[in-house]
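Sequential numbering of the sequence shown, starting at 7, is according to my numbering.
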Amino acid sequence: MRWIRAAGRGLLVAAVVIAGCVSSGAGAGGPSAEGARGGGRGPVTLATAGVLTGYLEPLLEGWNRGHPGERVTLVELPDSADETRAQMTTELRSGAGRFDILNIDVAWTSEFAAAGWIAPLERGRFPLDSFLPPVVDTATYEGRLYAVPYVTDAGMLYYRKDILDREGERPPGSWAELERQARTIAPRYGIGGYAGQFLPYEGLTVNATEAVYSAGGTVLGGDGRVTLDSPAARTGIGFLARGVRDGWIPEEALGYKEEESRQAFQDGRLLFLRNWPYAYAGASGPGSRVAGKFGAVPLPGPHGAGTSVLGGSNLAVSTGARHPETAGDLIAYLTSAPVQRKVLTEGALPPVRAALYQDPALIREFPYLPALRKSVLAAAPRPKSARYEQVSLAVQAVVHDAMAQHQGPDAAVRRLSGELAAIARRG
Ligand code: GLC
């Protein structure tokens, strides 16, 4: 595992200017990317959000050694999902064709497909039957495959095992227990109670959606109708807002993304943390004050098990891709069994291949795999919408206001329902 990542901002590993080589015509065709422009083979770029565990570039070197005429160059964008999305869409709208393969958040497939930025793919070209079932759905839009699942994700609750053991307590199985322990135990150790990703960005949309789902609520129905306004949504948003009001969610957490929250936990400043599985490796590694002192359990809900949002990313071929055949082959390589194994062992990211979750050697190395598999299988997707960006921005803004105590949970849920309905009407 390589923890080469400098803390903080993403860095552009390689900004590639492509020497004018978008071939004209050719339209549909090609076994891998039906709609992509141009054809054939040659160098490609792969644009991705910040690779927090620094594993991807060495992995792509494996491909480059075997494909000297079809080299891939990694373009690493910022850590924050929203900033990455903004850079990708600016590029795609400009038609500059700088990004051939896009590693997109699972939440964006519908929007990128509806906008015509990514090309439909041939299902038979990729080993979809070997993947965990829920991930395949995140790669489809209106019944067609527009991307190939690459990494999956489900939220977990990290807890300080050393402290809970000393207090004779078990990790919380419900919000009530989490709240009690965070409120009463954390202050005795001079640390914060609970944090997640609460800065207004996609991470807050995830945390808020998980809170609503865990309380039994929904955001949008399958037909795009707004279904948010419910007692469950008020319970979910109320849980997060109350944490800040009563002090068991530290105020700094309102500025946390994944990395800031991981750092706070591994510096020993938090009793509980909601984060993705990648944080396990960092918190176990050198430089962590909590290595060997923490555990991870599935997310709790109000009275028992909670519901995680399904995270992760899919690989898509841009409609402006210069070499869609190579792009398709590279995607097949990145989703092959040996590379997917490395996604876990080198990248600490949850692979999409189901068999890896039952591999005894991997389970010994990553003891959370069986629990993670269950969480992924039970995770719920974010609302599917061709206007997903607007949906997410509305959720972030309103929930952040509620957590900052600018608006009570009831008013926040009413306001958010109204905003989501207005977005749906525009769609
Ligand atoms: C993780 C998830 C992704 C999610 C993002 C939010 O990267 O895999 O799906 O949108 O976090 O910050």
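Even for Gly, the Cβ is constructed at its ideal location relative to N, Cα and C. Quick caveat: nothing in here was measured; it's all calculated off a predicted structure.
Identify which residue in the options has its Cα closest to the Cα of residue i.
i, options, result
"Leu83", "Asn70, Glu67 and Leu108", "Leu108"
"Glu395", "Asp88, Gly56, Ala102 and Arg370", "Asp88"
"Ser324", "Asp106, Ala53, Glu63 and Tyr61", "Asp106"
"Tyr293", "Phe118, Ala238, Val303 and Gln272", "Contrary to the premise, residue 293 reads as Gly rather than Tyr in this sequence. Of the candidates Phe118, Ala238, Val303 and Gln272, the one whose C-alpha sits nearest the C-alpha of Gly293 is Gln272."
"Gln203", "Gly414, Thr51, Leu98 and Lys263", "Lys263"
"Gly227", "Thr332, Leu151 and Pro387", "Pro387"
"Leu52", "Glu63, Thr59 and Leu58", "Glu63"
"Phe278", "Tyr61, Pro178, Thr241 and Leu375", "Pro178"
"Gly103", "Thr115, Asp85 and Val50", "Val50"
"Val358", "Leu422, Glu173, Gly317 and Pro193", "Gly317"
"Asp159", "Val57, Ala385 and Leu340", "Ala385"
"Arg268", "Leu127, Gly424 and Arg166", "Arg166"
"Gly242", "Asp111, Val419, Gly301 and Leu260", "Val419"
Tell me the DSSP secondary structure of residue i in three-state form.
i, result
"Tyr286", "helix"
"Arg150", "strand"
"Pro304", "strand"
"Ala327", "coil"
"Glu175", "coil"
"Arg421", "helix"
"Val345", "helix"
"Ala386", "strand"
"Leu372", "The identity of residue 372 in the sequence shown is Phe, whereas the question assumes Leu. Correct three-state label for Phe372: coil."
"Leu355", "coil"
"Tyr165", "strand"
"Arg268", "helix"
"Asp159", "strand"
"Phe278", "strand"
Could you please give the first and the last residue of the uninterrupted beta strand (DSSP E) stretch that includes residue i?
i, result
"Thr54", "Val50 to Thr54"
"Thr79", "Val78 to Glu82"
"Gly249", "No beta strand (DSSP E) holds Gly249; the alpha helix (DSSP H) holding it covers Pro237 to Asp252."
Decide if residue i is buried, meaning its Cβ has at least 16 other Cβ atoms within 10 Å, or exposed.
i, result
"Pro344", "exposed"
"Thr96", "exposed"
"Gly14", "Note that Gly14 has pLDDT 32, beneath the 50 cutoff, so the model's placement of it is unreliable and no number is given."
"Ala297", "exposed"
"Thr190", "exposed"
"Gly149", "exposed"
"Ala238", "buried"
"Asp135", "exposed"
"Ser381", "buried"
"Pro206", "buried"
"Asp85", "buried"
Provide the residue span of the alpha helix (DSSP H) that contains residue i, from first to last.
i, result
"Asp88", "Ala87 to Ser100"
"Arg186", "Trp181 to Thr190"
"Gly68", "Leu62 to Gly72"
"Gly209", "Glu208 to Ser220"
"Tyr394", "Tyr394 to Met409"
"Asp111", "Unbroken run through Asp111 is the beta strand (DSSP E), Ile107 to Asp111; no alpha helix (DSSP H)."
Checking contacts by CB at 8 Å: is residue i closer than that to chain D?
i, result
"Gly227", "In the displayed structure, chain D is absent; only one protein chain is listed."
What I want to know is whether the C-beta of residue i ends up closer than 7 Å to one or more non-hydrogen atoms of the ligand FAD.
i, result
"Glu265", "This structure lacks the ligand FAD; the ligands present are the ligand GLC."
Given 8 Å as the limit, is there contact between the region 364–373 and the region 72–92, that is, 3 or more CB pairs closer than that?
-> no
Is it a yes or a no for the region 111–122 touching the region 279–288, going by three-plus beta-carbon pairs under 8 Å?
-> no
Counting Cβ pairs, one atom from each stretch, are 3 or more of them under 8 Å apart for the region 305–323 and the region 211–227?
-> yes
Contact between the region 395–413 and the region 327–334 (3+ Cβ pairs under 8 Å) | no
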